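For the sequence shown, the numbering used here assigns the number 3 to the initial residue and increments by one for each residue that follows.
C-beta: ideal position from N, C-alpha, C; glycine also.
Since the structure is predicted, the reported quantities are computational estimates derived from the model, not experimental observations.
Below: one structure, written as structure tokens.
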Amino acid sequence: MSTTSILDRAADNIRILATSMVEKAKSGHPGGAMGGADFVNVLFSEFLTYDPSDPQWINRDRFFLDPGHMSPMLYSVLALTGKYSLEDLKQFRQWGSVTPGHPEVDVERGVENTSGPLGQGHTMAIGAAIAERFLAARFGNWMSHKIYAFISDGGVQEEISQGAGRIAGTLGLSNLIMFYDSNDIQLSTVVSEVSVEDTAKKYEAWGWNVISIVGNDAAQIREALTKAQTETERPTLIIGKTIMGKGAVTADGSSYENKCATHGMPLSEAGASYDKTIANLGGNPENPFVIFPEVEELYAKRKEALVKIAAEKKAQQAVWEKENPELAKKLASFFSKEAPKVDFAAIAQKADQATRAASSTVLAAFASQVENMIVASADLSNSDKTDGFLKKTKAFTKGDFSGAFFQAGVCELTMAAIANGMALHGGVIPAVGTFFVFSDYMKPAVRMAALMQLPVKYVWTHDAFRVGEDGPTHQPVEQEAQIRLMEQLKNHHGKNSMLVLRPADADETTVAWKLALENTCTPTGLILSRQNIKNLVAENGYTSALQAAKGAYIVYKPATKADIILVANGSEVATLIEAVPFLKEKGIEAQVVSAPSEGLFFNQDESYRNEVIPASTPVFGLTAGLPSTLQRLAGANGKVFGLDHFGYSAPYKVLDKEFGFTAENVVNQVTAQLGK
3 MSTTSILDRA ADNIRILATS MVEKAKSGHP GGAMGGADFV NVLFSEFLTY
53 DPSDPQWINR DRFFLDPGHM SPMLYSVLAL TGKYSLEDLK QFRQWGSVTP
103 GHPEVDVERG VENTSGPLGQ GHTMAIGAAI AERFLAARFG NWMSHKIYAF
153 ISDGGVQEEI SQGAGRIAGT LGLSNLIMFY DSNDIQLSTV VSEVSVEDTA
203 KKYEAWGWNV ISIVGNDAAQ IREALTKAQT ETERPTLIIG KTIMGKGAVT
253 ADGSSYENKC ATHGMPLSEA GASYDKTIAN LGGNPENPFV IFPEVEELYA
303 KRKEALVKIA AEKKAQQAVW EKENPELAKK LASFFSKEAP KVDFAAIAQK
353 ADQATRAASS TVLAAFASQV ENMIVASADL SNSDKTDGFL KKTKAFTKGD
403 FSGAFFQAGV CELTMAAIAN GMALHGGVIP AVGTFFVFSD YMKPAVRMAA
453 LMQLPVKYVW THDAFRVGED GPTHQPVEQE AQIRLMEQLK NHHGKNSMLV
503 LRPADADETT VAWKLALENT CTPTGLILSR QNIKNLVAEN GYTSALQAAK
553 GAYIVYKPAT KADIILVANG SEVATLIEAV PFLKEKGIEA QVVSAPSEGL
603 FFNQDESYRN EVIPASTPVF GLTAGLPSTL QRLAGANGKV FGLDHFGYSA
653 PYKVLDKEFG FTAENVVNQV TAQLGK
């Protein structure tokens with residue numbers, strides 16, 4: 003066990019490196035990093051278990067950072083472990099560097115999550131903790147490990163922390179240990195001006211084990227972490243009262259600690275003296291990017307210990323694998339990142355049903371065929387029809403994770419961030435459900451999933467104004483246009499950042515789930531109907547719907563050249579097909595296209611796109627959302643009929659008529675467009 007003097011020296015080394023990174027970049031947040039250095043130092047030098055030579059080791063502990071602006075602290079402690087070079091630290095916030103302003107998931111270098119939007123980082127940790135319990139329940143306690151999280155005052159204030167704290171306490175996630183860096187300073191004010199709550203009592207009320215310490219005291223940190231290791235019933239919150247900008251001084255040597263200014267700008271711009279501060283911390287301002295010899299030795303010894311710990315754990319796993327070959331094969335498949343094999347063609351769908359019901363049928367099949375899927379719902383399982391899965395398993399409860407359903411309660415954003423944490427942990431496939439209109443609550447976490455390239459599945463039901471009597475608060479109009487933008491936005495690998503699918507009938511829903519399950523690189527959103535929809539084709543519907551893999555395809559082709567291309571997705575495709583014979587009576591030949599995913603469609607080659615939607619033929623689009631939803635498919639010269647207003651409370655068939663979503667109005671719109 004290291005002496006506290008060595009630990010203090012190492013923490014100061016982290017402070018020097020973190021402060022210098024910000025100073026060199028002329029941008030960043032030094033104060034919090036300086037205050038939190040003691041905790042991460044003790045954690046990484048004495049408690050966090052991982053394999054230095056195998057960053058992807060499935061049985062490693064995970065550390066989730068919530069306040070991404072404290073990235074200099076994380077990069078600095080990871081530099082002490084050898085994951086980053088001093089040159090990497092010098093390139094902080096620069097083009098092409100591996101040290102961006104806010105951490106971006108990079109498991110090879112020890113960064114377990116992308117963080118920045120406060121509150122989401124520690125909520126992801128809860129998802130990882132649930133995934134760990136799910137896996138341990140299936141494969142044994144030999145693979146138990148800890149999930150650590152680091153949260154700040156801002157993260158505690160973000161509303162998402164309410165749902166996160168409630169869920170972790172309710173489920174008794176004793177494998178979760180979170181440090182609350184309570185320095186009482188925010189970016190533009192002090193905490194007491196915005197919050198007077200008793201945070202300890204709040205977490206205790208949620209069922210957490212709460213330990214309060216001096217957060218810059220290495221001995222107290224060590225003692226708290228040691229106690230947390232023995233907790234078997236509750237998640238642990240260590241509240242550490244820390245000093246913002248610890249060690250910062252002015253030019254005359256007086257303290258410049260606990261200042262708001264150090265939160266978000268280099269020390270030299272905040273009013274402190276950078277040179278005097280580095281000297282005060284025991285460094286050389288002329289050469290600050292240095293790892294002290296005694297600190298290097300501290301982390302070298304920890305590395306030696308970790309190699310032995312990891313070897314022992316892997317040997318234990320090898321014995322288990324030999325004794326349980328079938329389970330071992332299953333475990334490997336869970337972490338393979340390959341899509342599970344499902345016989346989608348064998349899934350029997352009832353004709354002319356709501357796509358949410360069709361989704362329920364698929365989820366019921368998944369319950370037995372996709373053994374590492376975790377499905378969640380925001381208190382809507384019997385309405386978003388994720389209960390198709392639930393009926394084949396059971397919900398998680400405290401001490402029992404043998405089931406595979408997560409009852410999240412009413413907290414869409416929290417649920418979505420927890421799903422991100424599950425996906426980051428690995429070994430599980432998370433799917434979460436709610437009404438489509440409430441995707442508005444989820445979008446910050448959906449965006450993070452897209453940025454991190456996580457294969458989370460979103461089940462969004464009640465897809466349009468046809469929610470009906472519930473009225474405009476529950477009727478999505480602009481939501482599809484918003485989420486479709488994620489199909490246009492590219493991720494850092496140049497791929498569509500998200501797959502969005504709005505199937506047109508039950509068979510397309512089966513195919514949509516097939517595409518979702520096979521999409522292991524990005525999140526997928528399924529937008530599903532509340533009301534029944536007539537099947538597009540009477541026979542071989544699944545085979546026909548497989549064409550949806552190209553994003554858009556022809557569902558009705560006239561015998562002669564088409565005068566108009568009718569394009570829609572979801573419920574509106576059936577309305578277009580209904581209009582075809584009436585158009586024919588007027589001498590208009592129409593080709594009908596179902597376009598469940600414009601993102602996939604625009605990934606196809608030009609020849610296919612021109613076959614489905616010929617550039618020389620007029621296009622009419624029908625959407626229950628904003629007209630802009632389909633404008634990219636209709637083209638500059640095409641016409642889209644949609645909604646430019648909120649919905650109203652009435653039966654959906656009445657709304658269809660009042661809003662013009664009828665075959666009759668399609669005929670009127672097309673004849674007017676063609677001038678006939």
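Around the Cβ of residue i, are there at least 16 other Cβ atoms within 10 angstroms (buried) or fewer (exposed)?
i	result
Thr232	exposed
Val614	buried
Ala418	buried
Gln490	exposed
Pro3	Before going on, a small fix: residue 3 reads as Met here, not Pro. Exposed is the call here.
Gln455	buried
Ser7	exposed
Gln351	buried
Thr228	exposed
His464	buried
Asp14	buried
Gln222	buried
Phe648	exposed
Pro295	exposed
Glu666	exposed
May I have the straight-line CA-CA distance separating residue i from residue j, to the nearest angstrom?
i	j	result
Ala356	Tyr654	13 Å
Pro54	Val44	17 Å
Thr201	Pro237	15 Å
Gly627	Arg224	56 Å
Ala581	Pro474	27 Å
Ala35	Asn143	35 Å
Val113	Leu300	21 Å
Gly167	Glu199	15 Å
Ala664	Asn571	Here the sequence assigns Thr to residue 664, which means Ala is not the residue at that position. So the two alpha carbons sit approximately 15 Å from each other.
Met679	Val292	No information on residue 679 is available, as it lies outside the stretch 3 to 678 that the chain covers here.
Val448	Ile169	20 Å
Ala151	Glu471	44 Å
Gln122	Leu415	9 Å
Asp345	Thr511	14 Å
Val656	Gly38	60 Å
Ile349	Gln164	40 Å
Cys262	Gly496	39 Å
Glu399	Phe603	A small fix is needed here, since residue 399 is Thr in this sequence, not Glu. So the two alpha carbons sit approximately 42 Å from each other.
What does DSSP give as the partner residues of residue i in its beta bridges?
i	result
Gln409	Ser379
Pro432	Ile376
Ser154	Asp183
Leu568	Val594 and Phe622
Ala356	Asn534
Leu503	Leu528
Leu178	Ile149
Lys516	DSSP, once it has assigned bridges, lists no residue as partnering Lys516.
Phe437	Thr463
Thr238	Ile179 and Asn211
Thr399	Asp402
Ile556	Val595
Return the Cβ separation of residue i and residue j in integer angstroms, given the expectation that the two are a contact with Cβ distance under 8 Å.
i	j	result
Thr363	Val377	That pair is no contact at about 14 Å.
Ile567	Leu538	The Cβ separation is near 16 Å, so there is no contact.
Asp68	Ile153	4 Å
Pro432	Val461	Actually they do not touch by this definition, with Cβ atoms about 11 Å apart.
Ser22	Pro290	4 Å
Val669	Leu585	6 Å
Closer than 6 Å by C-beta to residue i: which residues in its own chain qualify, once you throw out the five before and the five after it? Chain order, please.
i	result
Arg135	Phe403
His427	Ala130 and Ala133
Pro1	It is not possible to answer for residue 1, since the shown part of the chain is limited to 3 through 678.
Excluding five sequence neighbours on each side, which residues of the same chain lie with their C-beta closer than 7 Å to the C-beta of residue i?
i	result
Leu329	Phe141
Lys148	Asp63, Asn177 and Ile179
Ala347	Tyr544
Leu365	Val377, Thr388, Gly390 and Phe391
Lys243	Ser184, Val216 and Gly217
Leu80	Tyr86, Arg111 and Gly112
Lys324	none
Leaving out five residues before and five after residue i in sequence, what residues of the same chain have Cβ atoms less than 8 Å from its Cβ?
i	result
Val439	His464, Val469, Thr475, His476, Gln477, Pro478 and Gln481
Tyr610	Lys552
Val251	Ser257, Tyr258, Ala274, Ser275, Lys278, Thr279 and Asn282
Gly84	Pro54, Tyr301 and Lys305
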